[in-house]
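Below: one structure, written as structure tokens.
Residue numbers (the numbering used here): 54 to 364.
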């Protein structure tokens, strides 16, 4: 009576329960990645608007206040969802996130502009690292949860090739594209600040030039990987072709910042217009991240179905 019931592929019922829990952890990891991505987006906007507020540009205050509340809700939800997992995000990691947000939120009006910029950037670095950590959890085929090396087949692609495709998409949506978004968001924050104030100092200018150069390099990596993923996913990630389509808008943004912010002694660029120009491109990239995560979830589900059929 104490013996566990054996199922057809020689897994015990207890082992199957563990495997199913592991599968649910995968789905939760994808959910946490999406939540962290959205949290990054809000923190990036919070940084860009807050720097201009510190510099005395009050037009952004309603948006900033709304974002402050939204980030607080996202932080609480992230902690609550994390408690449902077997340490996908550790208590130490969550405590560090909470401390980083507290530093940003508390007495932000008393920060210098660059202090505020660095506090936000450090927080975002932590979030991006967590996304990559969670992505590594998803690299193994679903079948390994069930003690098998069954195919991870979608669209009749060979198992090994499909595993490589999955890792490629994970790297794209959890590392390459978020890194590009962060560079553009940094440019947005510093350029909007300069436009709000009508000037910028040498440190801000040097940072802007550095981020513009980094954006051009990172965009080349993203564009190359996007082309490869288009061949793999075809029309499954609907907005993926916009990576290439929005290349002109990204380059227009970078050129505008160089011509209208970095070159003139007196800056006349409208700060709201500049902020919105950068945000349009960022939002397209983040749609691709969301759709990529949805595709990854579909691949998990298809892989589980494959295991049901072939074991």
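Built from N, CA and C at the ideal position, the CB exists for glycine as well.
**Three-state secondary structure assigned by DSSP to residue 65** = Looking up residue 65 in the chain shown gives position 12. Looking at residue 65 - three-state DSSP - the assignment turns out to be strand.
**Prompt:** Whole alpha helix (DSSP H) runs in the region 293-327 with 4 or more residues, listed along the chain?
**Reply:** Listed in chain order, the complete alpha helix (DSSP H) runs (minimum 4 residues) inside the region 293-327 are 295-298 and 300-310.
**Request:** For residue 137, name the three-state secondary structure that DSSP assigns.
**Result:** Numbered from its first residue, the chain shown carries residue 137 at position 84. DSSP places residue 137 in coil when its eight states are reduced to three.
**Message:** Suppose you measure from the CA of residue 190 to the CA of residue 157; what does that come to, to the nearest Å?
**Reply:** For the purposes of this step, residue 190 is taken as the residue at position 137 of the chain shown. For the purposes of this step, residue 157 is taken as the residue at position 104 of the chain shown. Separation of residue 190 and residue 157 (C-alpha to C-alpha, rounded to the nearest whole angstrom) is 30 Å.
**Message:** If I measure Cβ to Cβ from residue 229 and keep anything under 8 Å in the same chain, skipping five residues before and after, which residues do I get?
**Reply:** In the chain shown, counting from the first residue as 1, residue 229 sits at position 176. So the list reads 271, 274, 275 and 278, once near-sequence residues are dropped.
**Request:** Go ahead and pull the three-state DSSP assignment for residue 165.
**Result:** Position 112 of the chain shown, counted from the first residue, corresponds to residue 165. Correct three-state label for residue 165: coil.
**Distance between residue 163 and residue 309 (C-alpha atoms, nearest Å)** = Looking up residue 309 in the chain shown gives position 256. Looking up residue 163 in the chain shown gives position 110. The C-alpha of residue 163 is placed about 31 Å away from the C-alpha of residue 309.
**Asked** On the three-pair Cβ rule with 8 Å, is the region 72-90 touching the region 107-120?
**Response** No, the region 72-90 is not in contact with the region 107-120.
**Item:** Beta-carbon proximity list for residue 185, same chain, < 6 Å, skipping 5 on both sides
**Value:** The count along the chain shown starts at 1 and reaches residue 185 at position 132. Sequence-distant partners of residue 185 (beyond 5 residues in either direction) whose C-beta falls short of 6 Å from its own C-beta, in its chain, are 227 and 228.
**Straight-line gap, residue 283 to residue 294 (C-alpha atoms, nearest Å)** = Position 230 of the chain shown, counting from 1, holds the residue named residue 283. Position 241 of the chain shown, counting from 1, holds the residue named residue 294. Taking the straight line from one Cα to the other gives about 7 Å.
**Asked** If we ignore side chains and look at the alpha-carbon of each, how far apart do residue 170 and residue 255 end up?
**Response** Walking along the chain shown from the start, residue 170 turns up at place 117. Walking along the chain shown from the start, residue 255 turns up at place 202. Roughly 15 Å between the two C-alpha positions.
**Prompt:** Taking buried to mean at least 16 other C-beta atoms within 10 Å of its own C-beta, is residue 41 buried or exposed?
**Reply:** Nothing about residue 41 can be read from this structure; the chain reaches only from 54 to 364.
**Request:** Keeping to the same chain, check which residues put their C-beta closer than 7 Å to that of residue 346; ignore five residues upstream and five downstream.
**Result:** For this step, residue 346 is matched to residue 293 along the chain shown. Excluding sequence neighbours, residue 346 sits near 83, 86, 87 and 226.
**Three-state class that DSSP yields for residue 278 in the structure shown** = Translated into positions along the chain shown, residue 278 becomes position 225. Helix at residue 278.
**Alpha-carbon spacing of residue 159 relative to residue 121, whole angstroms** = Walking along the chain shown from the start, residue 159 turns up at place 106. Walking along the chain shown from the start, residue 121 turns up at place 68. Taking the Cα positions, residue 159 is about 11 Å away from residue 121.
**Item:** Residue environment, residue 304, which counts as buried when at least 16 other CB atoms sit within 10 Å
**Value:** Along the chain shown, one-based indexing puts residue 304 at 251. Counting every other CB atom within 10 Å of its CB across the protein chains shown gives residue 304 a total below 16, marking it as exposed.
**Request:** For residue 175, count neighbouring Cβ atoms within 10 angstroms of its own Cβ and tell me buried if that reaches 16, exposed if not.
**Result:** Here residue 175 refers to the residue found at position 122 of the chain shown. By the neighbour-count rule (16 or more Cβ atoms within 10 Å), residue 175 is not buried but exposed.
**Request:** Note the first and the last residue of the continuous alpha helix (DSSP H) segment covering residue 377.
**Result:** Residue 377 falls outside the range modelled here, since the chain spans only 54 to 364, and no answer is possible.
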